[in-house]
Amino acid sequence: MLIKYNSKIKNSMKLSRLLLVLGLATTGLFSACSKDDDATVVIAPSDGSELTLDGGGGTGSPKTVYVDMSTDSATAVSRTSWSLGFYSGNDYRVILNGFTSMSAVATAKTDITAVNTDDAAGVSLAIGQGQGTLSMIDNVYGELSGTVIAEVSATDATNYVYLVKPETASASDPATWYKVKITRSGTTGYTLQYALLGATTVKTVTITKNSSYNFVFFSFDSGATVNVEPKKAEWDFAWSYAAYYTATIPYFFSDFVVINQQGGVAAAKVDSTTVGYANFKKADTASLTFSSKRDAIGSSWRSTGTGIYKQYYYVVRDPVGNYYKLKFVSMGINDGGERGYPVVEYALIKE
């Protein structure tokens, strides 16, 4: 995890939070001798800050950065570190890595051992640059009802095998694709069967749901689960290179922002000509229309030709109900910043 603090951070805010923590710790020391005094220490949410996100640089930055405004934290992970995400909620849903050019299509078979390179005949998994269809990627709004991989049925025989092309695979060489079948593992998780399309040995892995997270992530490369998103209550939005759409075809966007949709985050766009960033108050949230869709911020904060739209900022409701106003300071296009290292500023909205 790397957080770069800009010179504009309010030192007084940091000092007040530090004094709060020290005060609570001191109180704990003097009361430790009393077993009757069991108190839960609650740390107040951050009043706000300015962060430089370490996306790794460039237009197709190699990292996804998850931001938690209440703790002034930013967690950067490799975009390609995972392949599939297994939903930890009540439903049985599996997502593709939408921060890469991964694509997939269902076969007509339910026996993974019966699927080979012959099943790729006439199939194209190329997407982007005018190729592919939106049916080959997950719903761009983050709706789990629109995943390429259908809801995993409790009846094993009705779960189909999928052809999956990772970002690093060749669109023209099916031997580099994977065949994947997913079934339920009791009431606690999933059974994943996978192999390279031309392989004869199928690997089997059990994925157990974890209610602290939105998803449990798995990597074909490592053959194991991997840490990606922070806990579902500990992040608000993520900045990355991501699959999206233009017109009716898949398209890839740099500097794309998604909110923690499954964690209950929502966001609204505000025109500063209506109410300025500095003047926005808690009462002003009543007039906003919040969206809980994954792309509630998306690419609407910038242009790859002209840079940040300075006229707009956002109000974000985090997983525990705090409201933050968020604006983008620089992205490296006509603003003196560096591409792949965007700067964001945010502040807790109080009564």
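All the letters of the sequence shown, read from the start, carry residue numbers -32 to -1, 1 to 319 under mature numbering (1 follows the signal peptide of the UniProt record, and there is no 0).
Glycine is no exception: its CB is placed at the ideal position from the N, C-alpha and C atoms.
Just so you know, these numbers come straight off a predicted model, no measurement behind them.
Where the beta strand (DSSP E) through residue i begins and ends
| i | result |
| --- | --- |
| Gly66 | Per DSSP, Gly66 belongs to no beta strand (DSSP E) and is neither H nor E. |
| Arg285 | 280 to 285 |
| Gly266 | Per DSSP, Gly266 belongs to no beta strand (DSSP E) and is neither H nor E. |
| Ala235 | 234 to 239 |
| Gln161 | 157 to 164 |
| Gly16 | 16 to 21 |
| Leu93 | Leu93 -> no beta strand (DSSP E), and no H or E assigned at all. |
| Gly53 | 52 to 55 |
| Arg307 | Here Arg307 belongs to no beta strand (DSSP E), and DSSP marks it neither H nor E. |
| Lys31 | 31 to 36 |
| Lys200 | Looking at the DSSP string, Lys200 is not in any beta strand (DSSP E), and its letter there is neither H nor E. |
| Asp223 | 217 to 227 |
| Trp145 | From DSSP, Trp145 is part of no beta strand (DSSP E); its letter is neither H nor E. |
Beta-carbon proximity list for residue i, same chain, < 7 Å, skipping 5 on both sides
| i | result |
| --- | --- |
| Leu294 | Tyr281, Tyr282, Val284, Val312, Tyr314 |
| Thr39 | Ser14 |
| Tyr181 | Ser56, Glu197, Lys199, Lys200 |
| Asn84 | Leu165, Gly166 |
| Gly24 | Pro30, Lys31, Gly308 |
| Gly26 | Arg307, Gly308 |
| Lys318 | Lys250 |
| Tyr245 | Tyr281, Lys293, Lys295 |
| Ser46 | Pro30, Lys31 |
Integer Cβ distance of residue i from residue j, believed to fall under 8 Å
| i | j | result |
| --- | --- | --- |
| Phe185 | Val173 | Actually they do not touch by this definition, with Cβ atoms about 12 Å apart. |
| Ala201 | Gly66 | Between Gly66 and Ala201 the Cβ distance is about 22 Å, and since that is not below 8 Å, they are no contact. |
| Trp269 | Tyr34 | The Cβ separation is near 17 Å, so there is no contact. |
| Asp286 | Val233 | 6 Å |
| Thr242 | Glu135 | With 8 Å as the limit, Thr242 and Glu135 do not qualify as a contact, their Cβ atoms being about 41 Å apart. |
| Ser72 | Leu64 | In the sequence as presented, Ser is not what sits at residue 72; that position holds Ala. Going by Cβ atoms, the distance from Ala72 to Leu64 rounds to 6 Å, so yes, they are a contact pair. |
Buried or exposed (CB count within 10 angstroms, at least 16 for buried), residue i
| i | result |
| --- | --- |
| Gly225 | A small fix is needed here, since residue 225 is Val in this sequence, not Gly. Buried. |
| Glu18 | buried |
| Gln230 | buried |
| Ile105 | buried |
| Ala42 | buried |
| Asp87 | buried |
| Gly289 | exposed |
| Lys149 | buried |
| Gly98 | exposed |
| Ala44 | buried |
| Thr68 | buried |
| Ser140 | exposed |
| Leu265 | Residue identity differs from the one stated: residue 265 is Ile in this sequence, not Leu. Burial call: buried. |
Within 8 Å, strictly: CB atoms of residue i and residue j
| i | j | result |
| --- | --- | --- |
| Val196 | Val120 | no |
| Lys261 | Gly110 | yes |
| Lys77 | Tyr130 | no |
| Tyr309 | Leu21 | yes |
| Met70 | Lys133 | yes |
| Thr257 | Ala236 | yes |
| Asp223 | Val108 | no |
Residue i at chain D interface by Cβ criterion, 8 Å
| i | result |
| --- | --- |
| Ala201 | As a matter of chain content, chain D is missing from the structure shown, which is built from one protein chain. |
Residues of its chain near residue i, where Cβ-Cβ distance is below 6 Å and the 5 sequence neighbours each way are ignored
| i | result |
| --- | --- |
| Thr144 | Ala137, Ser138 |
| Asp4 | A caution first: Asp4 carries a pLDDT of 48, below 50, which makes its placement in the model unreliable, though a value can still be read off. Contacts found: none. |
| Ile301 | Gly275 |
Same chain only: Cβ atoms within 8 Å of residue i, ignoring 5 sequence neighbours per side
| i | result |
| --- | --- |
| Tyr277 | Ser268, Trp269, Arg270, Ser271 |
| Asp303 | Gly275, Ile276, Val297 |
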